[in-house]
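Colleague: Heads up: the sequence shown is residues 1 to 170, going by the UniProt record's numbering.
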Amino acid sequence: MVLSTIVLSTNARFGSVIVLKNLAHDMALTIRQAQVYGIAVRRYQEGGGANFYVGYGMHFTLPGEGSPSTYELFADAIKNGVYDPGETIQSTTLAGGYRIVDICAREAATGIETCSVPEVHMVFRRPEPDALIRRAAGASLDDRVRIIIESNKGDQAEVVVESSGQISVH
1 MVLSTIVLST NARFGSVIVL KNLAHDMALT IRQAQVYGIA VRRYQEGGGA NFYVGYGMHF
61 TLPGEGSPST YELFADAIKN GVYDPGETIQ STTLAGGYRI VDICAREAAT GIETCSVPEV
121 HMVFRRPEPD ALIRRAAGAS LDDRVRIIIE SNKGDQAEVV VESSGQISVH
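Given below as structure tokens:
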């Protein structure tokens, strides 16, 4: 009886960790998709015409208390290096008690990492796979961002994007 209880409680936690890791990998794959769109020639349909010269990127925000965590894959149609309303290609909302709990960005000029960053934008433009990471329009570039997601049981995973374009899950 005791063994069954331990196995079942461990199994539930194991399942939660697997779902968390899958969500982190899905997030990383969406970032990779933005990178592929950005360095390939992908048509962005705006209004009645097509534009082949836009960068593609990702936009992450820290959600408010009780709000769901959502992130966007976007086309940088305005070419300002940040997400603007109307540029959304795909929006993803984390469900099941999983949330983005922190965003940490490391400033390229100083190497200092700051956490609790309210939002971060990363854009990929042809011909380089490099990520242009910034916290707001006109802000200086960051060379690394960490997006930390958490399960309702407190387990965490992080997706790391380097300015070199490297994307990893920890």
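All C-beta atoms in this analysis are idealised placements derived from N, C-alpha and C, irrespective of residue type, glycine included.
Would you identify the three-state DSSP class for Gln156, choosing helix, strand or coil?
Modeller: Of the three classes helix, strand and coil, the one that applies to Gln156 here is strand, per DSSP.
Colleague: Suppose contacts are defined by Cβ-Cβ distances below 8 Å. Is Ala24 in contact with Val82 by that definition?
Modeller: Against a cut-off of 8 Å, the Cβ pair of Val82 and Ala24 comes out as no contact.
Colleague: I'd like the ranges of any beta strand (DSSP E) spanning at least 3 consecutive residues and lying wholly in the stretch 32-119.
Modeller: Listed in chain order, the complete beta strand (DSSP E) runs (minimum 3 residues) inside the stretch 32-119 are 44-46, 49-51, 55-61, 70-76, 88-93, 99-107.
Colleague: Looking at the unbroken beta strand (DSSP E) that takes in Asp142, where does it start and where does it end?
Modeller: First-last of the beta strand (DSSP E) with Asp142: 141-150.
Colleague: Should Tyr98 and Ser168 be called a contact, given that it needs their Cβ atoms to be closer than 8 Å?
Modeller: Taking 8 Å as the Cβ cut-off, Tyr98 and Ser168 do not qualify as a contacting pair.
Colleague: Quick one: is Gly38 buried, meaning 16 or more other Cβ sit within 10 Å of its Cβ, or exposed?
Modeller: Gly38 is buried by the Cβ-count criterion.
Colleague: Figure out for me which residue from Met122, Asp155, Ile148 has the closest Cα to the Cα of Gln166.
Modeller: When only C-alpha atoms are compared, the closest one is Met122.
Colleague: Beta carbon of Arg134, beta carbon of Cys104: below 8 Å?
Modeller: Going by C-beta atoms, Arg134 is not nearer than 8 Å to Cys104.
Colleague: Quick check: Ile31 and Met58, are their CB atoms within less than 8 Å of each other?
Modeller: A contact, by the Cβ cut-off of 8 Å.
Colleague: Roughly how many whole angstroms lie between the Cα atoms of Asn51 and Phe124?
Modeller: Each residue's Cα considered, the two are about 15 Å apart.
Colleague: Could you tell me which of Glu119, Tyr44, Ser140 sits nearest to Gly64, measuring between CA atoms?
Modeller: Here the closest residue by C-alpha is Glu119.
Colleague: Let me know the secondary structure DSSP gives Ser16 once reduced to three states.
Modeller: Note: Ser16 maps to helix in three-state DSSP.
Colleague: To which residues of the same chain is Gln35 closer than 8 Å at the C-beta, ignoring the five residues directly before and after it?
Modeller: These residues qualify, in order along the chain: Tyr56, Phe124, Pro129, Ala131, Gly165, Ile167.
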